[in-house]
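Peer 1: Going down the list, the sequences are from chains A and B.
To get my numbering, take the position in the first sequence, counting from 1, and add 5.
To get my numbering, take the position in the second sequence, counting from 1, and add 5.
Ideal placement from N, C-alpha and C gives every residue a C-beta, glycine not left out.
Input: one structure, supplied below.
Number of protein chains: 2
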Amino acid sequence: MRDVAIIGVGLTKFGERYESDLRSLISEAGIAAIEDANISNKDIDMLYVGNMASGRLTEQEHIGALASDTLGLSNPPSLKVENACASGGTALRQAYLAVAGGSSDFAMALGVEKMTDVSTSEATTGLGGAGDKTWELDEGITFPGLYALMARRHMHDYGTTEEQLAAVAVKNHDNAYLNKYAHFHKRITIDEVMKSKMIADPLKLYDCSPISDGAAAAILVPLDIAKKYNDTPILIAGSGQASDTLRLADRDSITGIKAARIASKKAYEQARISPSDVNVAEVHDCFTIAEIMAMEDLGFYKKGEAAKAIENGETKLNGKISVNTSGGLKGCGHPVGATGIKQAAEIVWQLRGEAGERQVTRADIGLTHNVGGSGSTAVVNIYKRVD
Amino acid sequence: MRDVAIIGVGLTKFGERYESDLRSLISEAGIAAIEDANISNKDIDMLYVGNMASGRLTEQEHIGALASDTLGLSNPPSLKVENACASGGTALRQAYLAVAGGSSDFAMALGVEKMTDVSTSEATTGLGGAGDKTWELDEGITFPGLYALMARRHMHDYGTTEEQLAAVAVKNHDNAYLNKYAHFHKRITIDEVMKSKMIADPLKLYDCSPISDGAAAAILVPLDIAKKYNDTPILIAGSGQASDTLRLADRDSITGIKAARIASKKAYEQARISPSDVNVAEVHDCFTIAEIMAMEDLGFYKKGEAAKAIENGETKLNGKISVNTSGGLKGCGHPVGATGIKQAAEIVWQLRGEAGERQVTRADIGLTHNVGGSGSTAVVNIYKRVD
Numbered sequence: 006m007r008d009v010a011i012i013g014v015g016l017t018k019f020g021e022r023y024e025s026d027l028r029s030l031i032s033e034a035g036i037a038a039i040e041d042a043n044i045s046n047k048d049i050d051m052l053y054v055g056n057m058a059s060g061r062l063t064e065q066e067h068i069g070a071l072a073s074d075t076l077g078l079s080n081p082p083s084l085k086v087e088n089a090c091a092s093g094g095t096a097l098r099q100a101y102l103a104v105a106g107g108s109s110d111f112a113m114a115l116g117v118e119k120m121t122d123v124s125t126s127e128a129t130t131g132l133g134g135a136g137d138k139t140w141e142l143d144e145g146i147t148f149p150g151l152y153a154l155m156a157r158r159h160m161h162d163y164g165t166t167e168e169q170l171a172a173v174a175v176k177n178h179d180n181a182y183l184n185k186y187a188h189f190h191k192r193i194t195i196d197e198v199m200k201s202k203m204i205a206d207p208l209k210l211y212d213c214s215p216i217s218d219g220a221a222a223a224i225l226v227p228l229d230i231a232k233k234y235n236d237t238p239i240l241i242a243g244s245g246q247a248s249d250t251l252r253l254a255d256r257d258s259i260t261g262i263k264a265a266r267i268a269s270k271k272a273y274e275q276a277r278i279s280p281s282d283v284n285v286a287e288v289h290d291c292f293t294i295a296e297i298m299a300m301e302d303l304g305f306y307k308k309g310e311a312a313k314a315i316e317n318g319e320t321k322l323n324g325k326i327s328v329n330t331s332g333g334l335k336g337c338g339h340p341v342g343a344t345g346i347k348q349a350a351e352i353v354w355q356l357r358g359e360a361g362e363r364q365v366t367r368a369d370i371g372l373t374h375n376v377g378g379s380g381s382t383a384v385v386n387i388y389k390r391v392d
Numbered sequence: 006m007r008d009v010a011i012i013g014v015g016l017t018k019f020g021e022r023y024e025s026d027l028r029s030l031i032s033e034a035g036i037a038a039i040e041d042a043n044i045s046n047k048d049i050d051m052l053y054v055g056n057m058a059s060g061r062l063t064e065q066e067h068i069g070a071l072a073s074d075t076l077g078l079s080n081p082p083s084l085k086v087e088n089a090c091a092s093g094g095t096a097l098r099q100a101y102l103a104v105a106g107g108s109s110d111f112a113m114a115l116g117v118e119k120m121t122d123v124s125t126s127e128a129t130t131g132l133g134g135a136g137d138k139t140w141e142l143d144e145g146i147t148f149p150g151l152y153a154l155m156a157r158r159h160m161h162d163y164g165t166t167e168e169q170l171a172a173v174a175v176k177n178h179d180n181a182y183l184n185k186y187a188h189f190h191k192r193i194t195i196d197e198v199m200k201s202k203m204i205a206d207p208l209k210l211y212d213c214s215p216i217s218d219g220a221a222a223a224i225l226v227p228l229d230i231a232k233k234y235n236d237t238p239i240l241i242a243g244s245g246q247a248s249d250t251l252r253l254a255d256r257d258s259i260t261g262i263k264a265a266r267i268a269s270k271k272a273y274e275q276a277r278i279s280p281s282d283v284n285v286a287e288v289h290d291c292f293t294i295a296e297i298m299a300m301e302d303l304g305f306y307k308k309g310e311a312a313k314a315i316e317n318g319e320t321k322l323n324g325k326i327s328v329n330t331s332g333g334l335k336g337c338g339h340p341v342g343a344t345g346i347k348q349a350a351e352i353v354w355q356l357r358g359e360a361g362e363r364q365v366t367r368a369d370i371g372l373t374h375n376v377g378g379s380g381s382t383a384v385v386n387i388y389k390r391v392d
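So, in structure tokens, the structure goes:
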């Protein structure tokens, strides 16, 4: 299989984009990525669109064709890819496999979600479809409730505290404050998190990522032609994906995500690196507990040791490892289908040295970690700068 | 890229499957395919699930993981693929590309749709999401209405008659009568079609495919290991996919589907055959006019000549070319995400000589044609028996 590089990325501002529909979000991110890659829209020969719930939230399915049409592409194969909150990461990985496997030379991965045209309650119910409708949602648990169960058990087993959960939110809001694309530009304190409204005990409002609109796009090409378009192509050095049971209760353990461990093991092996080689990582902090579990599942910390490390500031900008420099899902926002590709865009900018005020000093190797549902899907990609 | 063969296929009975939910349909088709392939469920290393509207129709998203979980797979990468009514064909083609490209050795493509748990009106509205929500559906046209426009223009330009449309339905019900998996086991007459309720002039009830539940699955492996599992592996000799505008009104012509012409040209070139080499074809007859357009787009007949040929019986079982031996969408049923993979299953059975009462005498080369929306997506695959 061929080596694959990202030569262009683009984002929309994330947030409540009342003025923008699916088409305008797709245009904004898609054109930005095409311009960043120095290619023509007519060059794109394959389009993967990551999106979770356009059918339920906007009554529009078939958004692969919609996106191809909107961007004026030359009738390429296009399709929507759905894996709940990992839809974007899955679309990116499919684009990677298409280029690596030889069926595409200019693949676009585009993620989009338009969530604020319905009520928060309708959006939350829609997101519940990421879990098990029959054996979880219909039994009365909400999607935040699933992560609350994981948090409670993590607290029970490892002594993790609510203040440590809050530390994740504070750090990610600090990072988002420096990111013009972020949903939130508001620094918060541990005290504010602790006093925010209870959503699903122990998770409070500020432990939860928001409902956002937004889109993100990336252009992938074979490495051997990448330098024709871009001086600093970013190699996808490793990629792994795994699935697990749909229902949380069917897992051996709920204090970590097995699919993420399997996916990251494959990605590390392919990239021939170990977790300690990673300088900058975007991880799936749909709820604060998820970032703590991610740090452990990805091997950055031993089981039960991540929460204290985060509290101690080891994962801040230019800490031992810089985590969620974009602000993560918590601070940058979580337009579901876009998130996995936004993660890649942030790593590309960090590895290029283009991350502005949030640029980390050393960024040679980056990683993205995108999770679907309560951990039924995980996608992990590893990125290297090619000088 | 590697040569790829199908070594196993499985179907559920299509129809109003009130007793079965998504999980049971997935089990039924998935296990049948695994058994037909003589492999273990643990062998599958990649799972593509074709589905259009589980979110809207059953409130369950994330059915890649649901299917992997249901079939007891070994944590493989899994995802849902959506391309409206071409979701199944797209999933099959993605599985083909994964094996051809070297990222999978045992890929499963599974298509499923559960449509009868909501009212016919809700299901039809959900299917409308295949078209352009903003510029078609919200303006008042229904999805049958889009194909009615195509039919009217075809009648105007080429003299196609309502009786010729009806001939498609009669033929496909005749074929479905011989297929134990088909939704309908009822032969109909031209007169009955003509007298059936008007849906969208000139399309009557019997010009329309039904709303069905069902699932279909196929197992794809590299050709060089296929004979270890199956004496008659079926080679995917060519595969093409293309997109077009989402909105019908944005096309140059509405008497044919450009995406199908682009996709089939690619597939024919890859397979190094011409249309006249095809013995048996499953084409996308969501409405009777669609089969007439397919015959022309695929090059089986010159523009404007297919309707008369169908009326003359040239596409019946063991005609000049045997078309929709399964009964097609019209007679076999149309559980949207399953359809494209059911088409492949029918061709596999025909090429193996296992199609029972509907077996065609000569079946060396087969073709499937799966369309999304009013033609915004088309997937065409070509199959050959490997002796």
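(1) When DSSP builds the beta bridges, which residues end up paired with histidine 178 of chain B?
(2) Would you list the residues sitting across from lysine 209 of chain A in a DSSP beta bridge?
(3) When the distance is taken between beta carbons, is alanine 231 of chain A closer than 8 Å to isoleucine 12 of chain A?
(4) Near alanine 172 of chain A, what residues of its chain come up, given a Cβ to Cβ distance below 7 Å and the 5 sequence neighbours on each side ignored?
(5) Below 8 Å between beta carbons: does that hold for phenylalanine 111 of chain B and aspartate 48 of chain B?
(6) Taking C-alpha atoms, which residue in B/Gln65, B/Gly107, B/Gly133, B/Ser108 lies nearest to asparagine 88 of chain B?
(7) Going by alpha carbons, who is nearest to proline 81 of chain A out of B/Ile216, B/Lys263, B/Asp255, B/Asp74?
(8) Is the beta carbon of lysine 138 of chain A sitting closer than 8 Å to the one on threonine 75 of chain B?
(9) Under three-state DSSP, which class holds lysine 85 of chain B?
(10) Which whole runs of the beta strand (DSSP E) in the region 216-269 of chain B are 3 residues long or more, in chain order?
(11) Quickly, what does DSSP pair threonine 320 of chain A with across the bridge? List them, please.
(12) Is there a C-beta anywhere in chain A that falls below 8 Å from the one on glutamine 246 of chain B?
(13) May I have the straight-line CA-CA distance separating alanine 383 of chain A from glycine 377 of chain A, to the nearest angstrom?
(14) Among residues of its own chain, excluding the 5 on either side of serine 217 of chain A, which ones have a beta-carbon nearer than 7 Å to its beta-carbon?
(15) Between which residues of its own chain and alanine 312 of chain B is the CB-CB distance below 6 Å, once the five residues before and five after are set aside?
(16) Is the beta carbon of serine 279 of chain B closer than 8 Å to that of aspartate 302 of chain B?
(17) Give me the subset of the region 93-110 of chain A whose CB atoms are less than 8 Å from a CB atom of chain B, sorted by chain position.
(18) With DSSP as the reference, label cysteine 337 of chain A as helix, strand or coil.
(19) Buried or exposed: which applies to histidine 161 of chain B, given that a residue is buried once 16 or more other Cβ atoms fall within 10 Å of its Cβ?
(20) How far does the beta strand (DSSP E) with glutamate 423 of chain B in it reach, from first residue to last?
(21) Any C-beta of chain A within less than 7 Å: which residues of the region 227-258 of chain B qualify?
(22) Please report the straight-line C-alpha distance between glycine 309 of chain A and leucine 71 of chain B, rounded to a whole angstrom.
(23) In whole angstroms, what separates the C-alpha of glutamine 246 of chain A from that of tyrosine 234 of chain A?
(24) Which residues in chain A have a C-beta closer than 8 Å to the C-beta of threonine 63 of chain B? List them in chain order.
(25) Would you list, in chain order, the members of the region 81-93 of chain B that have their beta-carbon closer than 7 Å to a beta-carbon of chain A?
(26) What is the residue span of the alpha helix (DSSP H) that leucine 30 of chain B lies within?
(27) Starting from leucine 154 of chain B, follow the alpha helix (DSSP H) in both directions and report where the run begins and ends.
(28) Using DSSP's beta-bridge definition, name the partner residues of glycine 94 of chain B.
(29) Can you check DSSP and say which residues form a bridge with alanine 112 of chain B?
(30) Determine, using beta carbons only, whether isoleucine 146 of chain B comes closer than 8 Å to chain A.
(31) Helix, strand or coil for alanine 105 of chain B, going by three-state DSSP, please let me know.
(32) I need the boundaries of the alpha helix (DSSP H) containing arginine 61 of chain B, first residue and last residue.
(33) One question on the structure: do serine 327 of chain B and lysine 347 of chain B come within less than 8 Å of each other, judged by their Cβ atoms?
(34) Can you tell me the Cα-Cα spacing of glycine 380 of chain B and serine 258 of chain B, whole angstroms?
(35) State the Cα-Cα distance for the pair asparagine 184 of chain B and leucine 16 of chain B, rounded to the nearest angstrom.
(36) First and last residue of the beta strand (DSSP E) that includes isoleucine 12 of chain B?
Peer 2: Put simply:
(1) Paired residue(s): none; histidine 178 of chain B is not in a bridge.
(2) A/Met203
(3) yes
(4) Ile195, Ile315, Glu316
(5) yes
(6) B/Gly133
(7) B/Lys263
(8) no
(9) strand
(10) 219-227, 239-248
(11) Looking at the DSSP assignment, threonine 320 of chain A forms no beta bridge with any residue, so it has no partner.
(12) yes
(13) 6 Å
(14) Phe19, Gly20, Met120, His188, Gly338, His339, Pro340
(15) Thr165, Gln169, Ile297
(16) no
(17) Thr95, Arg98, Gln99, Leu102, Ala103, Ala105, Gly106, Gly107, Ser108
(18) helix
(19) exposed
(20) Nothing can be reported for residue 423 of chain B: it is not among the residues displayed for chain B, which extend from 6 to 392.
(21) Gln246, Ala247, Ser248, Asp249, Thr250, Leu251
(22) 29 Å
(23) 29 Å
(24) Lys138
(25) Pro81, Pro82, Ser83, Leu84, Lys85, Val86, Glu87, Asn88, Ala89
(26) 27-41
(27) 148-163
(28) Partner(s): none; glycine 94 of chain B has no beta bridge.
(29) B/Met51, B/Leu225
(30) no
(31) helix
(32) 59-63
(33) no
(34) 11 Å
(35) 11 Å
(36) 9-16
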